[in-house]
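J.:
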Amino acid sequence: MAPRSFPDRVAALAALDDPVRKAVFDLVAASGEPVGRDAAAEALGVSRRIAALHLDRLAEQGLLEFEFRRPPGRGGPGAGRPAKLYRRADDEVAVSVPERHYDVVGDLLATAVSDSIATGAEVREVLSRTAYDAGHAIGAAAGDLGSALATAGYEPGGDDAGAVYLRNCPFHRLARRHTELVCGVNLELLRGVADGAGETGMRAVLDPRPGRCCVRLLPENVGGSQ
């Protein structure tokens with residue numbers, strides 16, 4: 040499943056702003072079994088139509104999933120239509136402003152450690168390769184560098200020399216606490232993003248500056264840090 044865009048995540052969380060809809064979501068989330076429209080209406084003291092409206096809205100936003108199933112013991116001709124039953128979706132929704140993607144670093148670290156344990160390879164070497172491969176996949180999926188960077192939460196900008204600077208670090212808090220490790224991961228990730236997006240004339244370099252990501256993307260003919 041493709042990652043949700045920022046507007047889609049905001050819309051999903053905004054769906055819970057309605058108090059009745061939030062109560063419907065909480066009811067389904069707390070249930071050990073899928074919940075039908077009739078059961079939700081009875082539990083919350085609302086009409087079946089209102090319960091259905093909120094359940095379907097939550098499903099549209101990806102917060103609930105649904106299935107059609109007949110009650111146990113009812114089947115064959117005359118059994119009626121299967122009931123629409125809802126359960127909480129496995130997918131999670133998180134929003135931060137500015138955008139942060141700490142899950143990306145966590146996944147890269149877990150993958151690298153697991154690979155290192157299995158193969159005996161040095162963790163840092165595996166981590167660099169893993170970060171590059173993940174970035175390459177992001178760049179290839181986006182199709183161009185600007186879209187890839189925006190999707191990953193970097194907030195790219197440009198200067199007169201053709202360089203791309205990044206106004207946001209998606210790993211800000213971790214980068215402050217574990218600068219060398221996280222900035223190294225960031226560098227390899229962005230090298231992969233550029234290559235995956237087909238920007239062979241750009242290179243990612245470490246260039247930490249106040250208020251910006253520690254990595255900058257430079258045209259090959261422009262000098263800069265490594």
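Going by our numbering, the first residue of the sequence shown is number 40, and it counts up by one from there. Don't be surprised by glycine CBs; every beta carbon is placed ideally from N, CA and C.
#1: Report yes if the CB atom of alanine 266 is closer than 8 Å to the CB atom of proline 195, and no otherwise.
#2: Helix, strand or coil: how does DSSP classify phenylalanine 105 here?
#3: Suppose you measure from the CA of leucine 103 to the CA of alanine 79; what does that come to, to the nearest Å?
#4: Compute the distance between the beta-carbons of glycine 182 and lysine 123, then report whether it is under 8 Å.
#5: Taking Cβ positions, are arginine 120 and leucine 97 nearer each other than 8 Å?
#6: Here's the rule I'm using: 16 or more other beta-carbon atoms within 10 Å means buried, otherwise exposed. How should aspartate 246 be labelled?
#7: Is the segment 164-172 touching the segment 141-149, taking contact as three or more C-beta pairs under 8 Å?
#8: Taking the straight line between their C-alpha atoms, what separation do you get for tyrosine 125 and alanine 214?
#9: Return the CA-CA distance between glutamate 131 and arginine 242, expressed in angstroms with no decimal places.
#10: Indicate the three-state DSSP secondary structure (helix, strand or coil) for tyrosine 193 in the structure shown.
#11: Whose C-beta lies closer than 7 Å to the C-beta of alanine 151 among residues of the same chain, with five residues either side of it excluded?
#12: Can you name, in chain order, every residue of its own chain whose Cβ lies under 8 Å from the Cβ of alanine 50, other than the five neighbours on each side?
#13: Pick from Cys222, Arg230, Pro249: whose alpha carbon is nearest that of proline 258?
#14: When the Cα of glycine 237 is compared with those of Ile177, Asp56, His140, Val221, which residue comes out closest?
#15: Compare the Cα-Cα distances from aspartate 77 to each of Gly71, Leu94, His211 and report the closest residue.
#16: Tell whether a beta-carbon distance below 8 Å holds between proline 209 and arginine 139.
T.: Taking the geometry as given:
#1: Since the first residue shown for the chain is 40 and the last is 265, residue 266 is missing from the structure and cannot be characterised.
#2: If you number the sequence shown from 1, residue 105 lands on position 66. Strand at phenylalanine 105.
#3: Here the question's residue 103 lines up with position 64 in the sequence shown. Here the question's residue 79 lines up with position 40 in the sequence shown. Distance between the alpha carbons of leucine 103 and alanine 79: 13 Å.
#4: For this step, residue 182 is matched to residue 143 along the sequence shown. For this step, residue 123 is matched to residue 84 along the sequence shown. Cβ atoms of glycine 182 and lysine 123: not closer than 8 Å.
#5: Residue mapping note: residue 120 aligns to position 81 of the sequence shown, counting from 1. Residue mapping note: residue 97 aligns to position 58 of the sequence shown, counting from 1. Their beta carbons are not under 8 Å apart, which means arginine 120 does not touch leucine 97 by this criterion.
#6: The residue given as residue 246 occupies position 207 in the sequence shown. Flag for aspartate 246 reads buried.
#7: yes
#8: Residue mapping note: residue 125 aligns to position 86 of the sequence shown, counting from 1. Residue mapping note: residue 214 aligns to position 175 of the sequence shown, counting from 1. Roughly 40 Å between the two C-alpha positions.
#9: Locating residue 131 in the sequence shown gives position 92, counting from the first residue. Locating residue 242 in the sequence shown gives position 203, counting from the first residue. Roughly 34 Å between the two C-alpha positions.
#10: Residue 193 sits at position 154 when you count from the first residue of the sequence shown. Tyrosine 193: coil per DSSP, three-state reduction.
#11: The count along the sequence shown starts at 1 and reaches residue 151 at position 112. Contacts found: Val162, Val165, Leu166, Thr169.
#12: Taking the sequence shown and counting its residues from 1, one reaches residue 50 at position 11. Excluding positions up to five away in sequence, the list reads Gln100.
#13: As a working note, residue 258 is residue 219 in the sequence shown. Taking only the C-alpha atoms, the option nearest proline 258 is Arg230.
#14: Numbered from its first residue, the sequence shown carries residue 237 at position 198. Selected option, being the one with the closest Cα: Ile177.
#15: Against the sequence shown, residue 77 aligns to sequence position 38. It is Leu94.
#16: The count along the sequence shown starts at 1 and reaches residue 209 at position 170. The count along the sequence shown starts at 1 and reaches residue 139 at position 100. Their beta carbons are under 8 Å apart, which means proline 209 touches arginine 139 by this criterion.
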